[in-house]
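In what follows, a structure is listed as C-alpha cells, so that the remarks can point back to it.
Residue numbers (my numbering): 75 to 319.
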C-alpha cells in the first residue's frame, strides 16, 4: 500500500516537473545535465528499472504507464546485403515479411506500420499504441503530401478509416537497441523474414537501387584495369569529396 501511494506521488511529481518546460527549454545543456539524476531517479522508481538500465528505455516505460489501457505494438524495418524485411511484434505473436531488394529501409519501416494497422482493423479492441524507432517515418506521416510514397498514403488512409470506426491509435517514437524487448523482437523477425510480401515500391527506391547497382558493376570492371595510368590516380569511381591539388 505504501509503495502504491509513493508510486502515485512520484508520478504526480514528474507531471509537475513538466510544467516548467519553458524554463528548462531555455537553460544551458550544462545546467540541465545537473538535473539528470533528479529527473531519472523518479522514472527508475516508478518503472522498477535497475540502475544499469539505459536512460532511453526509461522514457518508454513512462509512456507505457501513461497509456495502460493501450495495446502496445512494435514495428521495425531492416535492410542488409541482399535482404529487406519488416517485422511487427504484438503482445502474443509476431508478423514478418520480406520485401523486394530494391526497397529502402525507410519503405520497410512504413510497410511494417501499415501491416500493423491492417491487423488492428481486425481486432475487437480499440486502443493501440504503435512504437517505431523510425523518426523519419513519423515525420513523413505527420502531414499530407501528394508526393508521398504510396505506402505512406495507404497508412494515412487506413488511419482515417480506423479513427472513423472509433479506434484510438497513437504512433510513438522509441530509441532502438536500448533493451526494449518489443523493439528487439520486431528487429529480429524483420532481419530473418522469409515470407515475401508483394507490394509496389516507389520510384525513388528503384532509382537509388539501379544507381547503386550500376556503380557496383562499373567498379568491378574498373578494378582489373591496373595498367591504366588513371587507375593509380582514381582507383575508386566514387566522387572525390575534395578535388586533389
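Backbone N, C-alpha and C fix where the C-beta goes; we use that ideal spot for every residue, glycine too.
Review point. Are the Cβ atoms of residue 149 and residue 204 separated by less than 8 Å?
Key: To locate residue 149, count along the chain shown from 1; it is residue 75. To locate residue 204, count along the chain shown from 1; it is residue 130. Yes, the pair counts as a contact, with Cβ atoms nearer than the cut-off.
Review point. Excluding sequence positions up to five away, which residues of its chain have a Cβ less than 7 Å from the Cβ of residue 257?
Key: For the purposes of this step, residue 257 is taken as the residue at position 183 of the chain shown. Counting only Cβ-Cβ distances below 7 Å, and skipping sequence neighbours, we find 148, 150, 205, 207, 248 and 250.
Practice item. Check whether the region 171-180 touches the region 267-280, counting contact only when three or more Cβ pairs, one atom from each stretch, lie closer than 8 Å. Key: yes
Practice item. Out of 215, 169 and 312, state which residue places its alpha-carbon closest to the alpha-carbon of residue 246. Key: For the purposes of this step, residue 246 is taken as residue 172 along the chain shown, with counting starting at 1. Here the closest residue by C-alpha is 215.
Exercise for review: Assign residue 157 to one of three DSSP states: helix, strand, or coil.
Suggested key: Taking the chain shown and counting its residues from 1, one reaches residue 157 at position 83. Residue 157: strand per DSSP, three-state reduction.
**Study point:** Contacts around residue 144, its chain only, beta-carbon distance under 8 Å, and the 5 residues preceding and following it disregarded
**Key:** Here residue 144 is taken as the residue at index 70 of the chain shown, counted from 1. Excluding sequence neighbours, residue 144 sits near 201, 202, 203, 242 and 244.
Point to revise | Helix, strand or coil at residue 172 [DSSP, three-state] | key: Within the chain shown, residue 172 is the residue found at index 98, counting from 1. Correct three-state label for residue 172: strand.
Practice item. Rank 309, 276 and 303 by C-alpha distance to the C-alpha of residue 182 and give the top, closest one. Key: Here residue 182 corresponds to residue number 108 of the chain shown, with the count starting at 1. The residue with the shortest Cα to Cα distance from residue 182 is 276.
Exercise for review: Assuming residue 267 and residue 170 form a contact by the criterion Cβ under 8 Å, report the distance between their Cβ atoms to the nearest whole angstrom.
Suggested key: By 1-based counting over the chain shown, the position of residue 267 is 193. By 1-based counting over the chain shown, the position of residue 170 is 96. Going by Cβ atoms, the distance from residue 267 to residue 170 rounds to 4 Å, so yes, they are a contact pair.
Review point. How many angstroms separate the CA atom of residue 304 from the CA atom of residue 289?
Key: Within the chain shown, the letter at position 230 stands for residue 304. Within the chain shown, the letter at position 215 stands for residue 289. Computed Cα separation, rounded: 18 Å.
Check your understanding: Leaving out five residues before and five after residue 292 in sequence, what residues of the same chain have Cβ atoms less than 8 Å from its Cβ?
Key -> Residue mapping note: residue 292 aligns to position 218 of the chain shown, counting from 1. Excluding sequence neighbours, residue 292 sits near 311.
Practice item. Please work out which residues of its chain come closer than 7 Å, Cβ to Cβ, to residue 184, disregarding the five sequence neighbours upstream and downstream, and give them in chain order. Key: Numbered from 1 along the chain shown, position 110 holds the residue referred to as residue 184. Result list for residue 184: 211, 223, 225, 226 and 229, in chain order.
Exercise for review: Could you pull out every residue in the same chain whose Cβ sits closer than 6 Å to the Cβ of residue 162, ignoring the five residues on either side in sequence?
Suggested key: For this step, residue 162 is matched to residue 88 along the chain shown. 149, 169, 186, 189 and 190.
Point to revise | For residue 300, the three-state DSSP class (helix, strand or coil) | key: As a first step, residue 300 is located in the chain shown; it is residue number 226 there, counting from the start. The answer is coil: DSSP assigns residue 300 none of H, G, I, E or B.
Check your understanding: Can residue 154 and residue 261 be called in contact, C-beta distance under 8 Å?
Key -> In the chain shown, counting from the first residue as 1, residue 154 sits at position 80. In the chain shown, counting from the first residue as 1, residue 261 sits at position 187. No, Cβ-Cβ distance for residue 154 and residue 261 is not below 8 Å.
Review point. From residue 297 to residue 306, what distance separates their C-alpha atoms?
Key: By 1-based counting over the chain shown, the position of residue 297 is 223. By 1-based counting over the chain shown, the position of residue 306 is 232. One C-alpha to the other measures close to 10 Å.
Practice item. Can you grab the Cα-Cα spacing for the pair residue 265 / residue 220, in whole Å? Key: Looking up residue 265 in the chain shown gives position 191. Looking up residue 220 in the chain shown gives position 146. Taking the straight line joining both Cα atoms gives about 31 Å.
Check your understanding: What three-state label does DSSP hand residue 177 in the structure shown?
Key -> Stepping through the chain shown from its first residue, residue 177 is reached at position 103. Residue 177: coil per DSSP, three-state reduction.
**Study point:** alpha helix (DSSP H) runs contained entirely in the region 250-315, provided each spans 4 or more residues
**Key:** 255-265 and 277-296
Check your understanding: Which term fits residue 254, buried or exposed, when burial requires 16 or more other beta carbons within 10 angstroms of its beta carbon?
Key -> Counting from one through the chain shown, the residue named residue 254 turns up at place 180. Residue 254 comes out buried.
Exercise for review: Give the C-beta separation of residue 172 and residue 156 to the nearest angstrom, bearing in mind that I take them to be a contact with Cβ-Cβ under 8 Å.
Suggested key: Looking up residue 172 in the chain shown gives position 98. Looking up residue 156 in the chain shown gives position 82. Incorrect: roughly 11 Å between the Cβ atoms, too far for contact.
Exercise for review: For residue 203, name the three-state secondary structure that DSSP assigns.
Suggested key: If you number the chain shown from 1, residue 203 lands on position 129. In the structure shown, residue 203 sits in a strand (DSSP, three-state: E or B).
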